[in-house]
Amino acid sequence: MRFWCSALEVPWSWSWRAYPGVWAASLAIAVPYLVARRRARAMRPGPLGPSDAATERRQTWLFLSGVLAFWVASDWPLGVLGAGYLASAHMAQFMLYTLVAAPLLVLGTPEPMARRILAKLRLYRVMTRLTQPVCAGLVFNGCLVATHSPWAVDTLRANQFGSFVMDAVWLVSGVLVWLPICSPLTEHRLRAYPGKMVYLFLALGVVPAVPAGFLTFASFPLYATYELAPRFYGLDAAADQQTAGLIMKLGGIPIVWGTIVAMMMRWADESKNLSPLQPPSPR
Amino acid sequence: MLVVAACGSNDEAESRYDGLAVPESQLKQVPDMVFSDTDGNDFHLAADTQGQVRLVYQMFTNCPDICGVQLAQLASVLNRPGAPANVAVLAVTVDPDRDTPEVLRAYLDQFSDDFVGLIPDSEQQLTDLQNALGALASIKIFETTTTETHQMASDGGDMDTDMDDTDMTAMDHGDVNYDIAHDARVFAYAPNGYGYAQYPHPTRQTQFDHDLPILAGIKPDAPAPAGL
Numbered sequence: 306m307r308f309w310c311s312a313l314e315v316p317w318s319w320s321w322r323a324y325p326g327v328w329a330a331s332l333a334i335a336v337p338y339l340v341a342r343r344r345a346r347a348m349r350p351g352p353l354g355p356s357d358a359a360t361e362r363r364q365t366w367l368f369l370s371g372v373l374a375f376w377v378a379s380d381w382p383l384g385v386l387g388a389g390y391l392a393s394a395h396m397a398q399f400m401l402y403t404l405v406a407a408p409l410l411v412l413g414t415p416e417p418m419a420r421r422i423l424a425k426l427r428l429y430r431v432m433t434r435l436t437q438p439v440c441a442g443l444v445f446n447g448c449l450v451a452t453h454s455p456w457a458v459d460t461l462r463a464n465q466f467g468s469f470v471m472d473a474v475w476l477v478s479g480v481l482v483w484l485p486i487c488s489p490l491t492e493h494r495l496r497a498y499p500g501k502m503v504y505l506f507l508a509l510g511v512v513p514a515v516p517a518g519f520l521t522f523a524s525f526p527l528y529a530t531y532e533l534a535p536r537f538y539g540l541d542a543a544a545d546q547q548t549a550g551l552i553m554k555l556g557g558i559p560i561v562w563g564t565i566v567a568m569m570m571r572w573a574d575e576s577k578n579l580s581p582l583q584p585p586s587p588r
Numbered sequence: 012m013l014v015v016a017a018c019g020s021n022d023e024a025e026s027r028y029d030g031l032a033v034p035e036s037q038l039k040q041v042p043d044m045v046f047s048d049t050d051g052n053d054f055h056l057a058a059d060t061q062g063q064v065r066l067v068y069q070m071f072t073n074c075p076d077i078c079g080v081q082l083a084q085l086a087s088v089l090n091r092p093g094a095p096a097n098v099a100v101l102a103v104t105v106d107p108d109r110d111t112p113e114v115l116r117a118y119l120d121q122f123s124d125d126f127v128g129l130i131p132d133s134e135q136q137l138t139d140l141q142n143a144l145g146a147l148a149s150i151k152i153f154e155t156t157t158t159e160t161h162q163m164a165s166d167g168g169d170m171d172t173d174m175d176d177t178d179m180t181a182m183d184h185g186d187v188n189y190d191i192a193h194d195a196r197v198f199a200y201a202p203n204g205y206g207y208a209q210y211p212h213p214t215r216q217t218q219f220d221h222d223l224p225i226l227a228g229i230k231p232d233a234p235a236p237a238g239l
């Protein structure tokens, strides 16, 4: 039994494999969250109002959906395929960690819980610095470029610990890059919508296109791990790598541009509500 | 790696090849042997490939991993624009009992229609080929309660190897399960007939792509040292 998905030198098979480390990591994220939620509910003097209760329910579902995305990206079969067989699966994992699991976890975290965690870990000042848009964007894209370099992939994917480190770096850097957009702490968020949109476009739309281009247009397979792996249904290593590049380049578009469009609509709504030309209310 | 040790008397920094360069003292010529091809015709390993780079690879169709990877690597490199045209991939099965001409052809066609599938007519011929290549003998390992090992050839030639360069495969053949361990090197012979380089698993496409034009550029009448 193996702890975490890493490259295997056996042909791919659809027979299920257990990765208890993945389950433990998923539980290590979900259980403390649910316990903290329960404690907070027990300590409240009275029942929540309908809107607060709806917010709490929504946050819980968002957070648990984030855990689910983390588990799907890490466990068999995607985790195993991404660790040792297909560059395209590796890229799908990256997208799931950074564009699905990370923002869902951030959106599902209530403000008091975030403040308590940062206070306990004495990370408030560090996070204030790290959530500066330039800093968050640089750290995320630095991690992106580093973890997609052939050296990093071939070294880290070869063993369980390295593979775990790579997945953890993706999740943490994914959380960081979303904090200026939707941090539970208002002071860590960008205030103006144009700033948020530009940040999102630059941090998640522009820089990833560079490694994606390398993958798509490289003359040869870049990663020995996937080039020399037993073939998955005969898929050619070069075609697999090109698919990985396309996933990186196009996979984020719906999420990044969907978020930008949603922000534009919200911005328009808020501008309309503040407009001095708006007719006065009847009362 | 024993292979590296065996082939390493050439200073690797001076080698022209990204693959394992064969020292001058160990150069061998392409075996002058006749096999059956997948159409049932005689195929002369040397005469029918004159003027070409010959990439001789021992494989078998039930091999689930290394054989497929090596053949896919060769197909990818040879399908690239600008790849030398005078290269013949000669895939010799080490499992002639199960690799009938039809089975072998269907398997190779997954990679390239141009790959030549060759079937030894006897175990002795396979042994002779392995000796001529300087390859490890292929070994059938029967999965029975008392492990029975049947060695198809005993002389590994003057080139040694370790388990990294062999391919072990479990398979089911009717009611008999057996593994085959075989030498997974691609033996590369230049158009002048000399085998200057070898490619164990794992070999990157970039290595093949670097070496094949060098091998293909050696003239058929060039003396042996010309390729070193």
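Read top to bottom, the protein sequences are chains A and B.
The first sequence begins at 306 in the numbering used here and counts up one residue at a time.
The second sequence begins at 12 in the numbering used here and counts up one residue at a time.
Think of the CB as a built atom: it goes at the ideal place given N, C-alpha and C, for glycine as much as any other residue.
{"query": "Enumerate in chain order the residues of its own chain whose CB-to-CB distance from Thr156 of chain B is below 6 Å, with the five nearest sequence positions on each side excluded.", "result": "Low local confidence applies: a pLDDT of 46 at Thr156 of chain B is under 50, so the model's placement there is unreliable, and no value is given."}
{"query": "For Gln209 of chain B and Met306 of chain A, what's the separation of their Cα atoms in angstroms?", "result": "36 Å"}
{"query": "Under the rule that 16 or more other beta-carbon atoms within 10 Å means buried, what is Ser576 of chain A, buried or exposed?", "result": "exposed"}
{"query": "Tell me whether the beta-carbon of Tyr68 of chain B lies closer than 9 Å to the beta-carbon of Phe198 of chain B.", "result": "yes"}
{"query": "With a cut-off of 8 Å, do at least 3 Cβ pairs link the segment 532-544 of chain A to the segment 471-481 of chain A?", "result": "no"}
{"query": "By the DSSP assignment, the alpha helix (DSSP H) with Gly447 of chain A in it spans what residues?", "result": "438-452"}
{"query": "Tell me Thr104 of chain B's beta-bridge partners as DSSP assigns them.", "result": "B:Met70"}
{"query": "Would you mind sorting Lys501 of chain A into buried or exposed? The rule is 16 or more other CB atoms within 10 Å of its CB.", "result": "buried"}
{"query": "Pull the bridge partners of Arg65 of chain B from the DSSP assignment, please.", "result": "B:Ala99, B:Tyr200"}
{"query": "To the nearest angstrom, how far is it from the Cα of Val287 of chain A to the Cα of Tyr390 of chain A?", "result": "Residue 287 of chain A is absent from the structure shown; chain A starts at 306 and stops at 588."}
{"query": "Would you decide whether Met569 of chain A is buried or exposed? Buried here means 16 or more other CB atoms lie within 10 Å of its CB.", "result": "exposed"}
{"query": "Mind reading off the beta-carbon distance from Gly371 of chain A to Ala406 of chain A? Whole number of angstroms is fine, and I expect it under 8 Å.", "result": "5 Å"}
{"query": "Would you kindly work out how many angstroms separate the C-alpha atoms of Ser524 of chain A and Ala96 of chain B, rounded to a whole number?", "result": "19 Å"}
{"query": "Within a Cβ cutoff of 7 Å, which residues of the same chain sit near Tyr528 of chain A, ignoring the five residues on either side of it in sequence?", "result": "Ala392, Pro455, Val458, Asp459"}
{"query": "Among B:Gly228, B:His55, B:Thr104, whose alpha-carbon lies nearest the alpha-carbon of Asp194 of chain B?", "result": "B:Thr104"}
{"query": "What residue does the beta strand (DSSP E) around Val45 of chain B start on, and which one ends it?", "result": "45-48"}
{"query": "Can you name the start and end residues of the beta strand (DSSP E) that Gly228 of chain B belongs to?", "result": "Segment: none, Gly228 of chain B is in no beta strand (DSSP E) and carries neither H nor E."}
{"query": "Return the CA-CA distance between His493 of chain A and Ala419 of chain A, expressed in angstroms with no decimal places.", "result": "11 Å"}
{"query": "Could you tell me if Val55 of chain B is buried or exposed, where buried requires 16 or more neighbouring beta carbons within 10 angstroms of its beta carbon?", "result": "What sits at residue 55 of chain B in the sequence shown is His, not Val. Answer is exposed; the Cβ neighbour count stays below 16."}
{"query": "Buried or exposed: which applies to Ala358 of chain A, given that a residue is buried once 16 or more other Cβ atoms fall within 10 Å of its Cβ?", "result": "exposed"}
{"query": "Give every residue of the same chain whose Cβ lies closer than 7 Å to the Cβ of Val98 of chain B, excluding the five residues on either side of it in the sequence, and list them in chain order.", "result": "Gln63, Val64, Leu66, Leu89, Leu223, Ala227"}
{"query": "What is the rounded straight-line gap between the Cα of Ala573 of chain A and the Cα of Ala497 of chain A?", "result": "12 Å"}
{"query": "Does any CB atom of chain A fall closer than 9 Å to the CB of Gly206 of chain B?", "result": "no"}
{"query": "For the pair the segment 502-516 of chain A and the segment 67-84 of chain B, tell me if three or more CB-CB distances fall below 8 Å.", "result": "no"}
{"query": "Starting from Gly539 of chain A, find everything on chain B with Cβ-Cβ shorter than 9 Å and list it in chain order.", "result": "Gly79, Ala83, Gln121, Phe122"}
{"query": "Three or more C-beta pairs closer than 8 Å, one from the segment 505-512 of chain A and one from the segment 45-60 of chain B: is that the case here?", "result": "no"}
{"query": "Tell me whether the beta-carbon of Pro92 of chain B lies closer than 9 Å to the beta-carbon of Asp50 of chain B.", "result": "no"}
{"query": "Who are the near neighbours of His395 of chain A in its chain, counting only those whose CB is closer than 6 Å to its CB and skipping five residues on each side?", "result": "Gly387"}
{"query": "Counting Cβ pairs closer than 8 Å, one from the segment 350-370 of chain A and one from the segment 409-417 of chain A, do we hit at least three?", "result": "yes"}
{"query": "Which residues in chain B have a C-beta closer than 9 Å to the C-beta of Pro526 of chain A? List them in chain order.", "result": "Ser87, Arg215, Gln216, Thr217"}
{"query": "Using the Cα positions of Ala333 of chain A and Ser311 of chain A, report the straight-line distance between them to the nearest angstrom.", "result": "20 Å"}
{"query": "Around the Cβ of Lys151 of chain B, are there at least 16 other Cβ atoms within 10 angstroms (buried) or fewer (exposed)?", "result": "buried"}
{"query": "With 16 as the cutoff for other CB atoms within 10 Å, does Thr180 of chain B come out buried or exposed?", "result": "Reliability of the predicted coordinates at Thr180 of chain B is poor, the pLDDT of 49 falling under 50, and the value obtained from them is presented with this limitation in mind. Classification of Thr180 of chain B: buried, given that the 10 Å Cβ count is 16 or more."}
{"query": "Against chain B, with Cβ distances strictly below 9 Å, would Val315 of chain A count as a contact?", "result": "yes"}
{"query": "Please work out which residues of its chain come closer than 7 Å, Cβ to Cβ, to Asp183 of chain B, disregarding the five sequence neighbours upstream and downstream, and give them in chain order.", "result": "Residue confidence is low: Asp183 of chain B scores 49 on pLDDT, short of 50, so the model does not pin down where it sits. No coordinate-derived value is stated."}
{"query": "Roughly how many whole angstroms lie between the Cα atoms of Leu239 of chain B and Ile225 of chain B?", "result": "10 Å"}
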